[in-house]
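Here's the structure we're looking at; comments come further down.
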Amino acid sequence: MSTTNLISSSYSWGQFTPTLVLVGLALLILIADAFLPRLNKQTCPILGAVVSAGVACFTAGSSASALFTSLACAATAVCLLMAYDYRSLVYASVAGGKHEDGAAEFSALPLLACAGVCALVRSRDLIMLFASLETVTLASYAMSGYFRRNQGSVEAGVKYLILGAVSTGLLVMGAAWFFGATGSFTGDPRFVLAALSNPYLSVGMLLGVALLLAGIFFKVGAVPMHTWIPDVYQGAPTPVSAFLAVVSKLAGFGALLIILLPFIMLQTTVRDMVHSLVLMLAIVAAATLLLGNLGAIPQQNAKRLLGYSSIGQAGFILVFFVSLRSTIIGPVFNYLLAYGIATLMAFYALAILRMQRGSEELSVFRGLGRTNPRTAFMITVSFASLAGVPLTAGFLAKLASFQSLIGSMGRPQFIGLWLLPIMIVCAAAGFYYYFKALRFMYWEKPQANDVPVVFPPVCTCVLALGTLLLIVLGVTPLLF
Amino acid sequence: MNPAIQAILFYVFALGALLSALGVVILRNPVSCALSLAACLAFTAAVFFGAGATFLGIAQLIIYAGAILVLILFIVMMLNVKDEQPAAGSWLYCVLGVVIAGVLAGTLSSAALRLPGATGGRCPLHVLAEHADELCPASNGAAAGQAQTTPAEYGGALPPISMREGESDVSLLGKTLFTHYNLSIVILSFALLAGAVGAVSIGRSLRRD
């Protein structure tokens, strides 16, 4: 065995190129910030966005990890562009608006978190999974509490830190039971099978997996680990809320796929165990759907609404996992793509409105249909896609979720069709609360002193690109 | 060592760890909490020593009892933390908490009671050592052969650890860390970097201007 083989017996450095590039860039930004006092802080988010968009292009491929990596990098690029347009608020909230000290880390932290996601989707054992998930989580804690002069942001940071620590504890405890039962940190199906069929170990093994899933459910925002989402999304700076809603959620689903992969492979061998696992996933999915979609109905704050919406959408993605097939990676990715584009657009528009109209209530959308008709159309497309209106990507994504449940009829792990009415009710509820924003845009008159909102060119480009993607993906069968 | 003495010591230390862990939760004074945490960690280290994991025990003592607890005590002193006030929650939350904790405790103990040695009055450490072969699927080739699917993309198991004569568990641990888990440690260093950057950017003093 050669030395290089010995040093990294199961991973190679080449797999982690995106991670290393992003961390290198983050270090470069931090060093430049420290040693170049005249550095214009606006260049940091732009540089970060350009490089992570480049990484997204270079890593694009057909394997699951390549798809997830490039989506995470592209979403990070959009969040950094959002941070660029949000800069005056960043300066005001970090250093009182007089100078730009301490604003560069705001671009370095998303890059570090994205580097963690890139490593996470390539991990094949629980050690790597934990290390990369912690990279994402630690950076996210700091980002949500970044606006220290804003009480909401500080509260969000503390809440996220404390609840996140509990979930990390559950994950580690699950990993310990998993190791105790299989003697290995890898999800190798041979060891999982041996542990599940061992009378001494099977209960411990299931307990370990349940604890691991509880830790991952926190990231994904599934009930009962969802309580942090509305508060943190509302309090955190808007670009960070967008990052948490898209990139962090993507990391959670990537980790869920990695943990469930051995069970997908073993479902014909150990039916009883896999059936109980599927039943648990189905119950969690049903609770997530109901709580996310029904909880969103009374919300008046737009960021809180998007928080509940992200819980509800996670419920639809969890339905894919209930069918537990090896082909779910594609539909899960497509759903995340449609959800990610629409959510990023909604948060981007909201960030600009927050800067110019000074509020994050839903009423901030008032009269946009008259003052900014083109942008209002683009926001309409994004909310329509989130709700699942036909001819948008969101419709086909939701349709695939229904199809995966119906398609698993007659399979040994089929849990029955009781999930279907819940999904229908939740999809209908989605139409109600997403269209509340549209009602404000088209049916409310602008107030007398409302001037047209100036959407900066970067924002308009991102919104236009997103609209185009949502419609093209929704009309042509490119993905679905 | 005489197995009977080992069994007695195991139960004594385990009971001590359990009681001091309860103390961390129940006691109201932060300094008492920190000290019973120290006691809990020391008892756990003693259990590790009894199980033959010498390095783990020493690391537990040095890192947790030595470094982290001192840090906790420093924070308690610097912030002048007062006695914890009893939370004014409604009885509903109380019942819910008890139910959840009870379910978790029940599941944990049912999983633990299935292990050989949980009943019968023998020292669990000995019984587990006797059953080590059936309890570790990864190093046990017989069960591993039954699998129908063998995905090539998994990194494979850790090589079964066989201690050579004169090799300590420290060197084994070091070898495993710096060969098999080398890249994981690199990624973990990124996590520490993110934590450090975050702590500095949040902890820096606000300018009054």
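Residue numbers (numbering that gives the first Met the number 0), protein chains in the order written: chain F, 0 to 479; chain U, 0 to 208.
Every residue gets a Cβ at the ideal spot worked out from N, C-alpha and C, and that includes glycine.
Please read all numbers here as calculations on a predicted model, not as lab measurements.
Query                                                                                                                                                                                                          : Result
Where does aspartate 481 of chain F land, buried or exposed, given buried means 16+ other C-beta within 10 angstroms?                                                                                          : As shown, chain F starts at 0 and ends at 479. That puts residue 481 of chain F outside it, with no answer to give.
Going by the DSSP bridge assignment, what does glutamate 360 of chain F pair with across the sheet?                                                                                                            : F:Asn300
State yes or no: is the C-beta of valine 89 of chain F within less than 9 Å of the C-beta of valine 246 of chain F?                                                                                            : no
What are the residues that DSSP puts in a beta bridge with glycine 100 of chain F?                                                                                                                             : With the sequence shown as reference, residue 100 of chain F is identified as aspartate, and glycine is not the correct amino acid for it. Aspartate 100 of chain F pairs with nothing; no bridge assigned.
Using 9 Å as the threshold, is the C-beta distance between lysine 302 of chain F and leucine 249 of chain F below it?                                                                                          : no
Residues of chain B with CB closer than 9 Å to the CB of arginine 86 of chain F, please, in chain order.                                                                                                       : In summary, chain B is missing from the structure at hand, where the protein chains are F and U.
Note down the Cα distance separating alanine 286 of chain F from alanine 295 of chain F, rounded to an integer number of angstroms.                                                                            : 14 Å
Please classify phenylalanine 430 of chain F as buried or exposed, where buried requires at least 16 other C-beta atoms within 10 Å of its C-beta.                                                             : exposed
With a threshold of 9 Å between beta carbons, is phenylalanine 240 of chain F in contact with chain U?                                                                                                         : A small correction: the amino acid at residue 240 of chain F is serine; phenylalanine does not occupy that position in the sequence shown. No, its Cβ sits nowhere closer than 9 Å to a Cβ of chain U.
Comparing C-alpha positions only, which one of U:Phe73, U:Leu55, U:Ser31 sits nearest to leucine 172 of chain U?                                                                                               : U:Leu55
On the three-state DSSP scale, how would you describe aspartate 124 of chain F?                                                                                                                                : strand
In chain order, which alpha helix (DSSP H) runs of at least 4 residues are fully inside the region 27-98 of chain F?                                                                                           : 42-58, 63-84, 86-94
Taking only the alpha-carbon atoms, compute the straight-line gap between serine 407 of chain F and serine 61 of chain F and give it to the nearest angstrom.                                                  : 25 Å
Name the chain U residues that come within less than 7 Å of methionine 377 of chain F, Cβ to Cβ?                                                                                                               : Per Cβ cutoff of 7 Å: no residues; methionine 377 of chain F is ~33 Å from chain U at best.
Tell me the DSSP secondary structure of threonine 18 of chain F in three-state form.                                                                                                                           : helix
From F:Pro229, F:Phe146, F:Val424, F:Ala213, pick the residue whose C-alpha is nearest to that of glutamine 298 of chain F; which is it?                                                                       : F:Pro229
Only counting runs of 3 or more residues, tell me where the beta strand (DSSP E) segments fall wholly within the region 47-75 of chain U, in order along the chain.                                            : none
In its own chain, which residues sit with a C-beta less than 6 Å from the C-beta of serine 381 of chain F, not counting the 5 before and 5 after it?                                                           : Ala341, Met344, Ala345
So if I threshold CB-CB distances at 8 Å, which residues from the region 94-109 of chain U count as touching chain F?                                                                                          : Thr106, Leu107, Ser109
For a cutoff of 9 Å on Cβ pairs, would you count leucine 323 of chain F as touching chain U?                                                                                                                   : no
Does the Cβ of histidine 98 of chain F have 16 or more other Cβ atoms within 10 Å, making it buried, or fewer, making it exposed?                                                                              : exposed
Identify, in the order they occur along the chain, each residue of the same chain with its Cβ nearer than 6 Å to the Cβ of tryptophan 417 of chain F, setting aside the five sequence neighbours on each side. : none
Check the Cβ-Cβ distances between alanine 50 of chain U and every residue of chain F, and say whether any is below 9 Å.                                                                                        : no
Rounded to whole angstroms, what is the Cα-Cα separation between tyrosine 140 of chain F and leucine 317 of chain F?                                                                                           : 25 Å
List, in chain order, every chain U residue whose beta-carbon is nearer than 8 Å to that of glycine 115 of chain F.                                                                                            : Ile186, Phe189, Ala190, Ala193
Check whether the Cβ of cysteine 22 of chain F lies closer than 9 Å to any Cβ atom in chain U.                                                                                                                 : The sequence given here places valine at residue 22 of chain F; cysteine does not occur at that position. So, interface residue.
Helix or strand or just coil, what does DSSP make of threonine 118 of chain U?                                                                                                                                 : coil
Does DSSP put methionine 175 of chain U in a helix, in a strand, or in coil?                                                                                                                                   : With the sequence shown as reference, residue 175 of chain U is identified as threonine, and methionine is not the correct amino acid for it. Threonine 175 of chain U falls in the helix class under three-state DSSP.
Residues in the region 189-204 of chain F with C-beta within 9 Å of chain U's C-beta atoms, listed in sequence order?                                                                                          : Arg189, Phe190, Val191, Leu192, Ala193, Ala194, Ser196, Asn197, Pro198, Tyr199, Leu200, Ser201, Val202, Gly203, Met204
At the 9 Å Cβ level, is serine 166 of chain F part of the contact set with chain U, yes or no?                                                                                                                 : no
Note down, in chain order, every chain U residue with its Cβ under 8 Å from the Cβ of arginine 147 of chain F.                                                                                                 : Ile201, Leu205
So is glutamine 266 of chain F buried or exposed if we call it buried at 16+ other beta carbons inside 10 Å?                                                                                                   : buried
At a Cβ threshold of 9 Å, is leucine 255 of chain F touching chain U?                                                                                                                                          : no
Since isoleucine 126 of chain F contacts serine 188 of chain U with CB under 8 Å, what's their CB separation in whole angstroms?                                                                               : No, isoleucine 126 of chain F and serine 188 of chain U are not in contact; Cβ-Cβ is about 14 Å, not under 8 Å.
Exposed or buried, asparagine 79 of chain U, counting other C-beta atoms within 10 Å across all chains shown (16 or more means buried)?                                                                        : exposed
Check whether the Cβ of leucine 55 of chain U lies closer than 9 Å to any Cβ atom in chain F.                                                                                                                  : no
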